[in-house]
Amino acid sequence: MRKKALISVLTALMIFLTACGGSEGAAENAAGDADTSAAATEESTEATAADTEAKVSRDAGGLGGDSDLPYHVGPWKFDEYGIYLYLGEDYRWDAYNARGEITDSGDYIDNGDSFTMLYDDGTPDDEYIIEDTGLVDQDGNTLSKVEEMIFLPTKDDPLNKTISFHGQFEDVSVDYPDTLFASDREGTDNTIIFQPTIGNHTADARCSIQISEYELKGDHKRLQAGSGPAKTSMVNILNNILYNDYSEQLLKVIDTDFKDCGTYYSITGYTWFDSNIFPTDDGKLYKGACEVRYYGPNGFCTVIMTIGTPERIEEYHQISQNIMETYSYTTDWTTSPKTVPSQPGKASSGSSGSAYYWTDSDGDIWYWNGSYNEFISFGSDGYIDDGEYYESNDAGWDDEDTTYYESNDAGWDYYDDYDVYSDPGDGYDSWSDPGDYEDTSGWDDY
1343 MRKKALISVL TALMIFLTAC GGSEGAAENA AGDADTSAAA TEESTEATAA DTEAKVSRDA
1403 GGLGGDSDLP YHVGPWKFDE YGIYLYLGED YRWDAYNARG EITDSGDYID NGDSFTMLYD
1463 DGTPDDEYII EDTGLVDQDG NTLSKVEEMI FLPTKDDPLN KTISFHGQFE DVSVDYPDTL
1523 FASDREGTDN TIIFQPTIGN HTADARCSIQ ISEYELKGDH KRLQAGSGPA KTSMVNILNN
1583 ILYNDYSEQL LKVIDTDFKD CGTYYSITGY TWFDSNIFPT DDGKLYKGAC EVRYYGPNGF
1643 CTVIMTIGTP ERIEEYHQIS QNIMETYSYT TDWTTSPKTV PSQPGKASSG SSGSAYYWTD
1703 SDGDIWYWNG SYNEFISFGS DGYIDDGEYY ESNDAGWDDE DTTYYESNDA GWDYYDDYDV
1763 YSDPGDGYDS WSDPGDYEDT SGWDDY
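Numbers given in the numbering used here equal positions in the sequence shown, counted from 1, plus 1342.
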């Protein structure tokens, strides 16, 4: 922290007492003296009570303190920064950065109207002036008393708050940590944005998670026919969303990851974004994870877009996954249009290892992943060749299956099928050629 010395300033609170009395004659003087004495005693008592009430108010939380401790003991937060100052009951202080790390410590002296801060080696730090609303340092930075210190988000934060969507999904909610601030996207229904609670003046100010419900268009028969055809559709839905919403900022799709989760399909695109993804261009590149989930034929898909710095994107992406584990939307829909057998069938020719494709008695295709069976497609929509699954070229899907979604924003039209990949799942095709970026974070391991 290492602040310069401060000039102590005190705003004094004055309590004015008024005495009353007076008499005419000796007898009246005696009565007047008695009245004056009584009035003075009453006023003195009131003044003492008022002074005590003011002190108790300050001690009990006028500045956010604990009633059992002096008003100043506890955490204080710089109003404009993600920095905390903790004043201990033992006249010790600690400074915490936005990650919860102690950056400085020392002793402090209570001057009554200010606190003199000393480092452990005895050198002076700052004086913090006591005002009615909090503390002020010599540079004019203000500090407010807080109940607890909240730091930058981590994947281990408890999900101790709940928020519901507005619009058609108002009955759907998610839980999230208090290290994130949740808000609606202005002018848009069915969208929640999460940003770090104390992100100001930190790199995390450019990290966010957005959960939205997008309206789908078309018949989507592919999404009802097993994970084989569904994967192609999910790739196209992902591409449409990225192309429509982020075409001017998207530099590169690093990789895609498709999952059949039993009660929904998921596909995630890992991306590089240009710095103009934010209103204020800082010239840096940012990473993103755009996940699309399909929970069945309800006419919508759920999109979870996470954007962050290369150093923090994985942390925020994991937080988004933690949040989505509490997503309250449920249906009776499953990704398999047939009853899932508990055991695998005979491996097809060319299969190797504990995971393989196989065909049931109806000619439909399944995948034994080593733990359970996944329905891949009806036999008319795909085939197995040398142990690999392929979608039939004559599957008979209509053109309407290639129009996928419409944003909730007014004036946005849905797009026809748009596929940036030469082959679905090819992780190194993109809308533009931004060049190669060396990635040492492990994010491109996907």
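Every residue, glycine too, gets a C-beta built ideally from N, C-alpha and C.
{"Check": "Met-1576, DSSP secondary structure in three states", "Outcome": "helix"}
{"Check": "Inter-residue Cα distance where the pair is Ile-1444 and Met-1491", "Outcome": "12 angstroms"}
{"Check": "Burial state of Tyr-1714, where buried means 16 or more other Cβ atoms lie within 10 Å", "Outcome": "exposed"}
{"Check": "7 angstroms CB neighbourhood of Leu-1427 in its chain, flanking five on each side removed", "Outcome": "Trp-1418, Trp-1435, Ala-1437, Leu-1485"}
{"Check": "C-alpha gap between Ser-1696 and Trp-1710, whole angstroms", "Outcome": "8 angstroms"}
{"Check": "Span of the beta strand (DSSP E) around Met-1666", "Outcome": "Element bounds for Met-1666: not the beta strand (DSSP E) but the alpha helix (DSSP H), 1655–1666."}
{"Check": "8 angstroms contact criterion, which Gly-1611 and Val-1595 should meet: CB distance rounded", "Outcome": "5 angstroms"}
{"Check": "Nonlocal neighbours in the same chain, by C-beta distance under 6 angstroms from Val-1415, ignoring five residues either side", "Outcome": "Leu-1429, Glu-1431"}
{"Check": "Of the listed residues Gln-1685, Gly-1641, Ala-1547, nearest to Phe-1620 (C-alpha basis)", "Outcome": "Ala-1547"}
{"Check": "Nearest to Leu-1565 (by Cα), restricted to the options Glu-1656, Gly-1638, Asp-1728", "Outcome": "Gly-1638"}
{"Check": "Alpha carbon of Glu-1489 to alpha carbon of Leu-1411, nearest angstrom", "Outcome": "13 angstroms"}
{"Check": "Val-1682 versus Thr-1605: straight-line alpha-carbon distance, rounded", "Outcome": "12 angstroms"}
{"Check": "Close beta carbons around Lys-1688, own chain, < 7 angstroms, minus the five adjacent residues each side", "Outcome": "Trp-1700"}
{"Check": "Identity of the residue in Gly-1568, Asp-1728, Ser-1662 nearest Tyr-1698 by Cα", "Outcome": "Asp-1728"}
{"Check": "C-alpha distance - Ala-1572 paired with Pro-1495, whole-angstrom precision", "Outcome": "34 angstroms"}
{"Check": "Rounded C-alpha distance that separates Tyr-1721 from Ser-1678", "Outcome": "At residue 1721 the sequence reads Gly, which differs from the Tyr that was named. So the two alpha carbons sit approximately 14 angstroms from each other."}
{"Check": "First through last residue of the beta strand (DSSP E) which encompasses Phe-1536", "Outcome": "1533–1538"}
{"Check": "Spatial distance of Tyr-1669 from Val-1516 (CA atoms)", "Outcome": "5 angstroms"}
{"Check": "Beta bridge counterpart(s) of Glu-1431 as assigned by DSSP", "Outcome": "Answer by DSSP bridge pairing: none, since Glu-1431 is not bridged."}
{"Check": "Extent of the continuous beta strand (DSSP E) run through Ser-1719", "Outcome": "1715–1719"}
{"Check": "Start-to-end residues for the beta strand (DSSP E) that takes in Asp-1597", "Outcome": "1592–1602"}
{"Check": "Residue nearest to Thr-1613 in terms of C-alpha spacing, selected from Ile-1451, Gly-1650, Gln-1660", "Outcome": "Gly-1650"}
{"Check": "Helix, strand or coil at Gln-1552 [DSSP, three-state]", "Outcome": "strand"}
{"Check": "For Tyr-1438, three-class secondary structure by DSSP", "Outcome": "strand"}
{"Check": "Interface flag, Tyr-1637 vs chain B, CB-CB below 8 angstroms", "Outcome": "Note that chain B does not occur in the displayed structure, where there is just one protein chain."}
{"Check": "Any 3 or more C-beta pairs closer than 8 angstroms across the stretch 1624–1637 and the stretch 1530–1542", "Outcome": "no"}
{"Check": "Asp-1526 - containing beta strand (DSSP E), residue span", "Outcome": "1522–1526"}
{"Check": "Phe-1642 to Glu-1555 span [Cα, whole Å]", "Outcome": "6 angstroms"}
{"Check": "Cβ contact check for the stretch 1500–1509 and the stretch 1616–1632: 3 or more pairs under 8 angstroms", "Outcome": "no"}
{"Check": "Identity of the residues DSSP links to Tyr-1698 by a beta bridge", "Outcome": "Trp-1710"}
{"Check": "Boundaries of the beta strand (DSSP E) in which Ile-1471 is found, first to last residue", "Outcome": "1466–1473"}
{"Check": "Pair within 8 angstroms by beta-carbon distance, Asp-1449 and Tyr-1433", "Outcome": "yes"}
{"Check": "Whole-angstrom distance between Thr-1533 and Ser-1608, CA atom to CA atom", "Outcome": "18 angstroms"}
{"Check": "Assigned exposure category for Gly-1442 - 16 Cβ within 10 Å defines buried", "Outcome": "exposed"}
{"Check": "Buried or exposed (CB count within 10 angstroms, at least 16 for buried), Tyr-1658", "Outcome": "buried"}
{"Check": "Closest Cα partner of Gly-1509 within the set Asp-1520, Glu-1557, Asp-1481", "Outcome": "Glu-1557"}
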